[in-house]
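Numbering (the working numbering), first residue to last: 12 to 442.
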Ligand SMILES: NC(=O)c1ccc[n+]([C@@H]2O[C@H](COP(=O)([O-])OP(=O)(O)OC[C@H]3O[C@@H](n4cnc5c(N)ncnc54)[C@H](O)[C@@H]3O)[C@@H](O)[C@H]2O)c1
């Protein structure tokens with residue numbers, strides 16, 4: 012008779028969570044709760060317990076609220092609040108750290124975690140400057156840790172299929188395209204009120220599509236130049252530096268002299284009674300075809316009196332993150348927004364447990380080579396974000412219509428403004 016063990020668990024990964032806001036609740040919470048109940052398993056690394064050991068946030072109030080709500084769905088965790096909370100979390104003892112603070116605060120937490128030798132997963136946008144990206148990449152290599160970024164749109168089945176078609180040569184040579192992502196006013200008006208000053212929706216959400224384009228079609232081309240425009244007057248003053256909407260254009264150059272251009276339009280002032288939570292659409296044009304995709308209108312349209320489009324949406328996206336009653340009676344929350352976080356923990360488990368310690372470095376190198384999420388493969392994306400932020404800053408100073416040149420004779424990222432002779436070098440090394 013074969014003796015079956017009820018508890019197959021052998022290894023544990025202790026996770027630290029920095030930032031307990033909206034995205035924690037949407038994607039990390041369901042991941043940690045399921046991992047708490049089931050662990051994660053793969054033949055190569057076995058059964059792994061994932062424990063949310065410690066959390067850090069500004070005030071600690073949402074962490075306490077979560078502790079009350081979660082009850083037995085999660086292991087008891089330590090909660091640290093305030094300016095020293097990241098250091099306290101690191102001292103508490105964690106193996107991997109997830110950074111989900113506002114986008115201009117990622118760098119500091121990620122830097123401290125990598126300095127302490129922890130594996131790190133950073134919400135998009137990773138960091139706002141190539142200088143910061145260089146620092147994180149260097150630290151990750153020095154301390155033999157993974158530094159990864161959450162780009163869940165690459166896990167959307169439609170985007171995976173687009174990538175597959177491109178790699179398989181069904182779509183040939185992309186020439187141009189557009190992407191749009193419009194967030195509701197509640198995001199800029201209340202959700203992000205604490206940190207909205209001086210920020211823009213482009214950095215917050217265009218980055219999803221910047222990465223999608225760079226990852227899906229990249230390889231042969233080189234990033235060439237970036238331009239952008241923004242509008243103000245709703246979230247902040249019409250002459251201030253807080254932006255309502257942004258139109259970004261990025262241009263890549265192929266070795267044969269042809270170019271590809273992409274427009275990415277974003278906003279966080281769409282009316283709250285919009286039929287979907289966010290409006291998301293892409294169109295890409297190739298030498299031999301066109302790809303049109305709508306991330307919201309995927310076929311479902313529903314109306315419930317007094318509930319849509321307020322707390323339920325008319326055109327929901329069930330692929331990103333949906334809560335379901337499974338046919339077998341279980342309640343679940345699943346989707347590519349959660350899968351992408353599990354993938355990071357699988358990568359960490361692979362490095363730590365999928366073979367002898369002597370071969371850990373080899374496994375680490377393999378996981379670093381995954382360019383869908385590694386910090387080392389985020390150069391173009393961060394370059395575009397850095398350029399966009401600098402162009403908006405110039406526009407706020409009354410100097411609109413600038414352009415950022417990439418890898419020209421004057422440096423890696425160089426901002427030129429009409430009517431000005433001098434060029435501002437944003438990043439001197441090659442991008
Ligand atoms: N993957 C996605 O689709 C997606 C969606 C939304 C947000 N995000 C990203 O997640 C990040 C957080 O967004 P959110 O919507 O959860 O924001 P939020 O404002 O709801 O929450 C931010 C959290 O960070 C904490 N915090 C702020 N400063 C801190 C500090 N210095 N140290 C420790 N904690 C600190 C706050 O206390 C809060 O818990 C942003 O980078 C955003 O771009 C990603």
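The beta-carbon is built from N, C-alpha and C at its ideal position, and this holds for glycine as well. Since the structure is predicted, the reported quantities are computational estimates derived from the model, not experimental observations.
So the candidates are the options; which of them puts its Cα closest to the Cα of residue i?
| i | options | result |
| --- | --- | --- |
| residue 196 | 256, 176 and 234 | 256 |
| residue 63 | 355, 112 and 24 | 24 |
| residue 355 | 32, 171, 39 and 80 | 39 |
| residue 168 | 331, 388 and 298 | 331 |
| residue 431 | 409, 361, 418 and 205 | 409 |
| residue 335 | 326, 328, 345 and 327 | 345 |
| residue 129 | 366, 136 and 103 | 103 |
| residue 324 | 244, 284 and 249 | 284 |
| residue 307 | 313, 295 and 326 | 326 |
| residue 298 | 280, 260, 349 and 188 | 188 |
| residue 341 | 31, 45, 117 and 37 | 45 |
| residue 151 | 437, 376, 406 and 429 | 376 |
| residue 395 | 132, 274 and 374 | 274 |
| residue 315 | 371, 180 and 286 | 286 |
| residue 361 | 51, 293 and 428 | 51 |
| residue 126 | 133, 146, 173 and 134 | 146 |
| residue 406 | 250, 217 and 218 | 250 |
| residue 71 | 153, 93 and 171 | 93 |
| residue 3 | 148, 81, 414 and 171 | Look at the range of the chain in this structure, 12 to 442, and you will see that residue 3 is not part of it. |
| residue 291 | 368, 225 and 194 | 194 |
| residue 389 | 268, 133 and 119 | 133 |
| residue 270 | 437, 296, 282 and 247 | 296 |
Could you tell me the distance, in whole angstroms, from the CA atom of residue i to the CA atom of residue j?
| i | j | result |
| --- | --- | --- |
| residue 442 | residue 73 | 39 Å |
| residue 263 | residue 277 | 20 Å |
| residue 166 | residue 426 | 33 Å |
| residue 242 | residue 207 | 15 Å |
| residue 190 | residue 21 | 45 Å |
| residue 65 | residue 83 | 16 Å |
| residue 115 | residue 338 | 42 Å |
| residue 343 | residue 253 | 38 Å |
| residue 412 | residue 261 | 14 Å |
| residue 123 | residue 352 | 21 Å |
| residue 266 | residue 78 | 55 Å |
| residue 443 | residue 37 | For residue 443 there is no data in the structure shown, the boundaries of the chain being 12 and 442. |
| residue 322 | residue 259 | 31 Å |
| residue 16 | residue 131 | Bear in mind that the predicted position of residue 16 carries a pLDDT of just 47, short of 50, making it too unreliable to give a figure here. |
| residue 309 | residue 333 | 14 Å |
| residue 76 | residue 68 | 12 Å |
| residue 171 | residue 414 | 32 Å |
| residue 179 | residue 173 | 10 Å |
| residue 209 | residue 240 | 15 Å |
| residue 367 | residue 155 | 16 Å |
| residue 422 | residue 153 | 27 Å |
Can you have a look at residue i and say buried or exposed, based on whether 16 or more other CB atoms are within 10 angstroms of its CB?
| i | result |
| --- | --- |
| residue 12 | Residue placement at residue 12 cannot be trusted, given a pLDDT of 45 that sits under 50; what the coordinates show is reported in the next sentence. That one is exposed. |
| residue 439 | exposed |
| residue 222 | buried |
| residue 433 | exposed |
| residue 97 | buried |
| residue 27 | buried |
| residue 177 | buried |
| residue 392 | buried |
| residue 302 | buried |
| residue 311 | exposed |
| residue 14 | Residue confidence for residue 14 is low, a pLDDT of 46 falling below 50, so the modelled location carries little weight; the figure read from the coordinates is stated next. The residue is exposed, with fewer than 16 neighbouring Cβ atoms inside 10 Å. |
| residue 320 | buried |
| residue 136 | buried |
| residue 106 | buried |
| residue 30 | buried |
| residue 370 | exposed |
| residue 318 | exposed |
| residue 328 | buried |
Contact check, residue i vs residue j under 8 Å by CB: the rounded distance?
| i | j | result |
| --- | --- | --- |
| residue 464 | residue 91 | In this structure the chain extends from 12 to 442, so residue 464 is not present and cannot be described. |
| residue 101 | residue 386 | At roughly 18 Å, the Cβ-Cβ gap does not stay under 8 Å, so residue 101 and residue 386 are not in contact. |
| residue 365 | residue 56 | 4 Å |
| residue 157 | residue 378 | 6 Å |
| residue 111 | residue 198 | 15 Å between Cβ atoms; not a contact. |
| residue 289 | residue 245 | No, residue 289 and residue 245 are not in contact; Cβ-Cβ is about 17 Å, not under 8 Å. |
| residue 358 | residue 53 | The Cβ separation is near 11 Å, so there is no contact. |
| residue 220 | residue 293 | 7 Å |
Taking CB distances under 8 Å as the criterion, tell me whether residue i reaches chain B.
| i | result |
| --- | --- |
| residue 224 | Included in the structure is just one protein chain, with no chain B present. |
Report yes if the C-beta of residue i is less than 7 Å from at least one heavy atom of ligand 2; otherwise report no.
| i | result |
| --- | --- |
| residue 134 | With respect to ligand 2, the structure shown offers nothing to examine, as its ligands consist of ligand 1. |
Report yes or no: do three or more beta-carbon pairs, one from the stretch 177-185 and one from the stretch 196-215, lie closer than 8 Å? no
Decide if the stretch 45-64 is in contact with the stretch 134-143; the criterion is three or more beta carbon pairs, one per stretch, under 8 Å apart. no
Below 8 Å, can you find three or more Cβ-Cβ pairs linking the stretch 374-391 to the stretch 147-163? yes
Contact between the stretch 399-406 and the stretch 206-215 (3+ Cβ pairs under 8 Å): yes
Pairs of beta-carbons, one from the stretch 414-422 and one from the stretch 233-249, closer than 8 Å: are there three or more? yes
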